[in-house]
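Numbering (my numbering), first residue to last: 548 to 859.
Backbone N, C-alpha and C fix where the C-beta goes; we use that ideal spot for every residue, glycine too.
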Ligand code: 9MR
């Protein structure tokens, strides 16, 4: 059976997985599967501000470094995730009562420190993550409060100062054609029109309640690439339950959505984890067994389906 990695190389795309650092350190099967099957990684949590700073003012890059070093050793593309988000902050950042100047300094220092450290080693950064509210407009966040909508521009500008990575806006619920996808499209169109240094859009594609029609994903990818932006599928998983009934239906959906996204121009597809034993979805009741490998790291039907989608 071909690996995902072989199929991705032939299709000239990257296929990646979000990496859990504990599993990377302790589980040989996990490491072997990751290196054999994938040619890209995202740190699932290790590059977020909270885990990086862990309650302290200083940074501890040990976990993030391990992910980047593993990727170097196995010749993998690295997606950095995420510089600016409304979740996962170190305690000292709270309570959030900052002047604009102070917030701006904090934003700049963080981006300079983290994106600067990985210059040349992180290939793409999720610079701003989930800034659009589910009911439209920009989400009410600490950054919006302190700096206004301009914080988005600043984040991309600071990242461009210190990084040569491709700079992405990343969001969920904006994968196909929806009101939120339109909001994201409008946001990035406006950034492009004003010359803010955004290079791409990440479509997360967490699928566990409504199935996002693959044709809608293709249409969305096309309109984003028409803006001159790169598109990555950044956090793909498909929970068995409400969205798909069993492993065969799951495989079919993986096939159809990956084929649609890649045919429309997405050039990187990352699943949000390696194996079903390490996924954020089941503990939250959002469906079961959402990934391409089972808990024993055996290939599931969805694995073959993605290989096929990339081989066609
Ligand atoms: O999978 C991540 C989980 O382990 C963390 O506890 C959580 C913290 O908020 O973040 C999860 O990853 C999220 C990602 O960073 C952004 N998009 C949604 C992902 C799933 O919640």
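Endpoints, beta strand (DSSP E) assigned at residue i
{"i": "residue 672", "result": "671-676"}
{"i": "residue 566", "result": "561-566"}
{"i": "residue 818", "result": "815-818"}
{"i": "residue 588", "result": "587-590"}
Sheet register partners of residue i (DSSP bridge)
{"i": "residue 715", "result": "673 and 747"}
{"i": "residue 628", "result": "673"}
{"i": "residue 784", "result": "753"}
{"i": "residue 860", "result": "Outside the shown range of the chain, which is 548 to 859, sits residue 860, and nothing can be said about it."}
{"i": "residue 777", "result": "747"}
{"i": "residue 835", "result": "787"}
{"i": "residue 822", "result": "840"}
{"i": "residue 685", "result": "679"}
Start and end residues, alpha helix (DSSP H) containing residue i
{"i": "residue 597", "result": "596-600"}
{"i": "residue 618", "result": "609-620"}
{"i": "residue 826", "result": "No alpha helix (DSSP H) holds residue 826; DSSP gives it neither H nor E."}
{"i": "residue 851", "result": "848-858"}
{"i": "residue 551", "result": "551-558"}
{"i": "residue 694", "result": "689-694"}
{"i": "residue 736", "result": "726-740"}
{"i": "residue 721", "result": "Per DSSP, residue 721 belongs to no alpha helix (DSSP H) and is neither H nor E."}
{"i": "residue 810", "result": "794-810"}
{"i": "residue 645", "result": "Counting along the chain, residue 645 falls outside any alpha helix (DSSP H), and DSSP gives it neither H nor E."}
{"i": "residue 577", "result": "575-584"}
{"i": "residue 698", "result": "697-709"}
{"i": "residue 770", "result": "761-772"}
Given residue i as reference, the closest of the options once Cα atoms are compared
{"i": "residue 555", "options": "767, 646, 817 and 783", "result": "817"}
{"i": "residue 742", "options": "588, 769, 701 and 781", "result": "701"}
{"i": "residue 545", "options": "645, 648 and 707", "result": "Because residue 545 is not part of the residues shown, which for the chain are 548 to 859, the question remains open."}
{"i": "residue 811", "options": "681, 829, 763 and 658", "result": "763"}
{"i": "residue 745", "options": "729, 778, 581 and 719", "result": "778"}
{"i": "residue 703", "options": "695, 688, 654 and 580", "result": "654"}
{"i": "residue 720", "options": "838, 681, 576 and 848", "result": "681"}
{"i": "residue 751", "options": "732, 805 and 783", "result": "783"}
{"i": "residue 643", "options": "757, 664, 694 and 804", "result": "694"}
{"i": "residue 717", "options": "596, 658 and 629", "result": "629"}
{"i": "residue 632", "options": "598, 620, 615 and 663", "result": "598"}
{"i": "residue 735", "options": "765, 685, 710 and 759", "result": "685"}
{"i": "residue 573", "options": "620, 589, 767 and 613", "result": "613"}
{"i": "residue 733", "options": "804, 678, 649 and 761", "result": "678"}
Alpha carbon of residue i to alpha carbon of residue j, nearest angstrom
{"i": "residue 747", "j": "residue 725", "result": "19 angstroms"}
{"i": "residue 697", "j": "residue 635", "result": "21 angstroms"}
{"i": "residue 610", "j": "residue 568", "result": "6 angstroms"}
{"i": "residue 789", "j": "residue 652", "result": "45 angstroms"}
{"i": "residue 715", "j": "residue 601", "result": "25 angstroms"}
{"i": "residue 617", "j": "residue 623", "result": "8 angstroms"}
{"i": "residue 551", "j": "residue 852", "result": "10 angstroms"}
{"i": "residue 771", "j": "residue 808", "result": "12 angstroms"}
{"i": "residue 799", "j": "residue 856", "result": "10 angstroms"}
{"i": "residue 565", "j": "residue 646", "result": "35 angstroms"}
{"i": "residue 841", "j": "residue 553", "result": "20 angstroms"}
{"i": "residue 690", "j": "residue 785", "result": "31 angstroms"}
{"i": "residue 931", "j": "residue 722", "result": "The question about residue 931 has no answer, for the chain in this structure spans 548 to 859."}
{"i": "residue 605", "j": "residue 548", "result": "46 angstroms"}
{"i": "residue 844", "j": "residue 578", "result": "10 angstroms"}
{"i": "residue 848", "j": "residue 794", "result": "7 angstroms"}
{"i": "residue 787", "j": "residue 829", "result": "9 angstroms"}
{"i": "residue 641", "j": "residue 687", "result": "16 angstroms"}
{"i": "residue 560", "j": "residue 692", "result": "39 angstroms"}
{"i": "residue 596", "j": "residue 615", "result": "16 angstroms"}
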